[in-house]
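Participant: Start counting the sequence shown at 0; every next residue gets the next number (numbering that gives the first Met the number 0).
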Amino acid sequence: MHMRIGGRDVAGADDRWMPVMNPATGEEIDRVPEGTLYEVDDAVRAAEDAFPAWASRTARERGSILLRGASLVRERYGEISRLLTLEQGKPLRESADEIRGFANVLEYYAGIAGLFPGEYIPLGPAGDAIVTREPLGVCGAIIPWNMPALLMAWKTSPALLAGNTLVLKPASRTPLTDCVLARTLEEAGLPPGVLNVVTGKGEVVGEGIVRHPRISRVSFTGNVETGLRVQELAAGSFKEVTLELGGSDPMIVWKDADIGNAVAGAVRGRFYNAGQTCTAVKRLFVHENISAEFLQRLRKRVEGLRVGNGLDEGIDMGPLCGPGQRDEINRFMEDFKRKGEGTILAGGEPLRGPAYDRGSFFAPTVVKDVHPESALLRKEVFGPILPVMCFDDLDTAIRHANETRYGLGASIWTRDISVAREVFARVNAGVVWVNRHLTIPPEIPFGGVRASGLGRENGSQALLSYTRTKTLYIGR
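1) Could you work out which residue in 21, 25, 39 is closest to residue 2 when comparing CA atoms only?
2) Could you check what DSSP says for residue 373 in three-state terms: helix, strand or coil?
3) Using the C-alpha atoms, what's the distance from residue 22 back to residue 0?
4) On the three-state DSSP scale, how would you describe residue 332?
5) Can you check DSSP and say which residues form a bridge with residue 76?
6) Round the Cβ separation of residue 341 and residue 361 to the nearest angstrom and send it over; I've been treating them as touching at under 8 Å.
7) Could you tell me the distance, in whole angstroms, from the CA atom of residue 287 to the CA atom of residue 251?
8) If you draw a straight line from the alpha carbon of residue 217 to that of residue 284, how long is it in whole angstroms?
9) Apart from the five residues on each side of it in sequence, which residues of its chain come closer than 6 Å, Cβ to Cβ, to residue 5?
10) Have a look at residue 347 and residue 269 and give me their C-alpha separation to the nearest angstrom.
11) Ordered along the chain, which non-local residues of its own chain (more than five positions away) have a Cβ less than 7 Å from that of residue 258?
12) Taking residue 238 as the reference, give the member of 408, 212, 221, 403 with the closest Cα.
13) Taking the alpha carbon of residue 275 as the reference point, which residue from 401, 324, 299 has its own alpha carbon closest?
14) Whose C-beta lies closer than 8 Å to the C-beta of residue 476 among residues of the same chain, with five residues either side of it excluded?
15) I want to know whether the segment 151-171 touches the segment 128-142 - three or more CB-CB distances under 8 Å.
16) One question on the structure: do residue 366 and residue 343 come within less than 8 Å of each other, judged by their Cβ atoms?
17) Whole angstroms is fine: what's the gap from residue 404's alpha carbon to residue 456's?
18) From which residue to which residue does the alpha helix (DSSP H) around residue 207 run?
19) Please give me, in chain order, every unbroken run of the alpha helix (DSSP H) with length at least 4 that falls completely inside the segment 52-127.
20) Compute the distance between the beta-carbons of residue 19 and residue 29, then report whether it is under 8 Å.
21) Indicate the three-state DSSP secondary structure (helix, strand or coil) for residue 203 in the structure shown.
22) Suppose you measure from the CA of residue 467 to the CA of residue 115; what does that come to, to the nearest Å?
23) Does the structure place the segment 301-311 close enough to the segment 83-94 that three or more beta carbon pairs sit under 8 Å?
24) Once DSSP output is grouped into helix, strand and coil, what is the label at residue 470?
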C-alpha cells in the first residue's frame, strides 16, 4: 500500500512511479505512485465525504481510535522501525525511538480528548451567548523526510481528534513509513476517507494541497523558501497555516556547567539523525574558562562515534538522506577550508572506503574558533557539522546566539538558575532547554519565531488550532 484515498489503494497516474532509495547503499528498495492533481482532488472529495460522520462522533470516540492505533504501532514497532531505517538511513535504535514516539503522540491526544473548552457569557437584559468549538473540515499536511513518523503524528493526531479529515503528503524520499502508519490507523478503526495519503512530488502534490480551495488548513514542515511559497499560495484561498521551517539552534555552555553532561548533550544534540533535525545543536558556545577541557572531551567523543548502515549493530550515526545532501554538506566544509574560517578538530570530509562508497556518508565533524561570518554560523547546516565558539561573558554568548534569522530552539547548560532565566528571557527561540537539548514531548507547544515559522505543533494549542469558535446568541 503506497497511496490511500478514501480507504482504497490506488496506483500512480498513467502508471508513473517514483523510486525510494536506501541512502546507506544507494539501492532502490521500493516505488510509490507519482501522484497528480487528479489524486489530490480525489483525496479531497473522499475527505469531504467522510467528514460529516467523523465530525459527528464524540471526541472521546475519535480518541479511542487513536489509542487503538497507538497500541498496534507499539506491537509492530520492530518491523516499522526497520522500514524507516531502510528509507531514511538513521540507526535502528533511533528509528525505534521515533516509531514509539509516534505512538506516544497518539496516546497523548487520546488522553486529552475532552479538552474542547466552551464558554457561557451572560449578557444581562440583552440575553446570553454560548461559544463552542467546531472542526474546520478538510485539512492538509505536508511531511518532511527527516522525521517522517513523528511529524506525521504531530500533524495527524490533533487534526483528526478535533473532528477534521486529512489529506497528507509524505516526503518523496521517505513515503513508505507514513503509508504503513496510515494503514495501521485504518486497521485500528479509522473510517475510510478520514486520512488520505497521496505520494508524489512537492511541486505537484504539495502545491496541489496548498492551492486546493476546499482545504481549510495546512500544516507544513520544511525549509524557509518552500515555507514562504506555502504561505503565499495559502493566502489565495484564505487558508490557515502552520509553518515549521527549521532552525539554527544555539547551545550555550556556562562556566559552571557539568562538563561531562554538556559534552554528551552536544554530541547527541548535533549528531542524532546525522544532524538532520530542525532542533539540532547547530552552533555551540562554550565559556572560555572551561573550553580547553570541554573541547578535549568533545573531540574524543566525536572521533569515537561509529558511522555506518543504520541496520548494522552498534551504529551511532547513519548516512545523510542522499547524495545531494552529502554534497551540500561537503560544499559547506570546502568553503570553510578555502576561506580559512577556523580549525577542524574532527572529521571534515565525506567518508571513503568499501563500507561507505555506495552510500551518502559524511564524517562527524567539529570545528573551533569559527569566524563569526562563516556560513556554518549564519546558515542552517542540515548535517553533522558542529561549529564551536568561545565566549567570556553572557552578553557576548547571547548576542552570538541571536545572530541568525532563525528562532526555533536554544539551550543553556548551567547550575545557576539566574543565568538560565536570563538566557530564556533574551534568546530568540520558541523553546529553551536547561541542561538538555532536543527533547520535545507532545505535551509542550513547539514552534519558533522569525524565519523558523508560524504557529505551534503539539499540546493543547495545536488541538485548538484545528477548530474554530462559533457563537450562539440567545436573545431575551
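All C-beta atoms in this analysis are idealised placements derived from N, C-alpha and C, irrespective of residue type, glycine included.
Bear in mind that the values here come from a model prediction, so they are computed numbers and not experimental data.
Facilitator: Based on what the coordinates show:
1) Here the closest residue by C-alpha is 39.
2) Residue 373 falls in the coil class under three-state DSSP.
3) Low confidence applies to residue 0: its pLDDT is 44, below 50, so where it sits in the model is not reliable, and the reading given next is rough at best. Their Cα atoms are separated by approximately 22 Å.
4) Here residue 332 carries a helix assignment [DSSP, helix/strand/coil].
5) Under DSSP, residue 76 shares a beta bridge with no residue.
6) In fact, because the Cβ distance is near 17 Å, the residues do not count as touching under 8 Å.
7) Computed Cα separation, rounded: 12 Å.
8) Approximately 36 Å between the Cα atoms of the pair.
9) Same-chain partners within the cutoff: 45, 191, 192.
10) If you take the alpha carbons of residue 347 and residue 269, they lie about 15 Å apart.
11) Only 289, 292, 293, 296 meet the Cβ criterion.
12) Residue 212 is the option with its Cα nearest to residue 238.
13) Distance check between residue 275 and each of 401, 324, 299 places 324 closest, using alpha-carbon atoms only.
14) There is no way to answer for residue 476, as the model of the chain reaches only from 0 to 475.
15) The segment 151-171 is in contact with the segment 128-142.
16) Contact: yes.
17) In a straight line, the C-alpha of residue 404 is about 20 Å away from that of residue 456.
18) Where residue 207 is concerned, the enclosing alpha helix (DSSP H) stretches over 206-210.
19) Positions of the alpha helix (DSSP H) runs, each at least 4 residues long and wholly inside the segment 52-127, are given as 58-74, 76-87, 91-110 in order along the chain.
20) Result yes, Cβ atoms of residue 19 and residue 29 sit closer than 8 Å.
21) In the structure shown, the three-state DSSP call for residue 203 is helix.
22) Residue 467 and residue 115 have their C-alpha atoms some 11 Å from each other.
23) Touching, yes, given that three or more Cβ pairs across the two stretches are closer than 8 Å.
24) The answer is strand: DSSP assigns residue 470 an E or B state.
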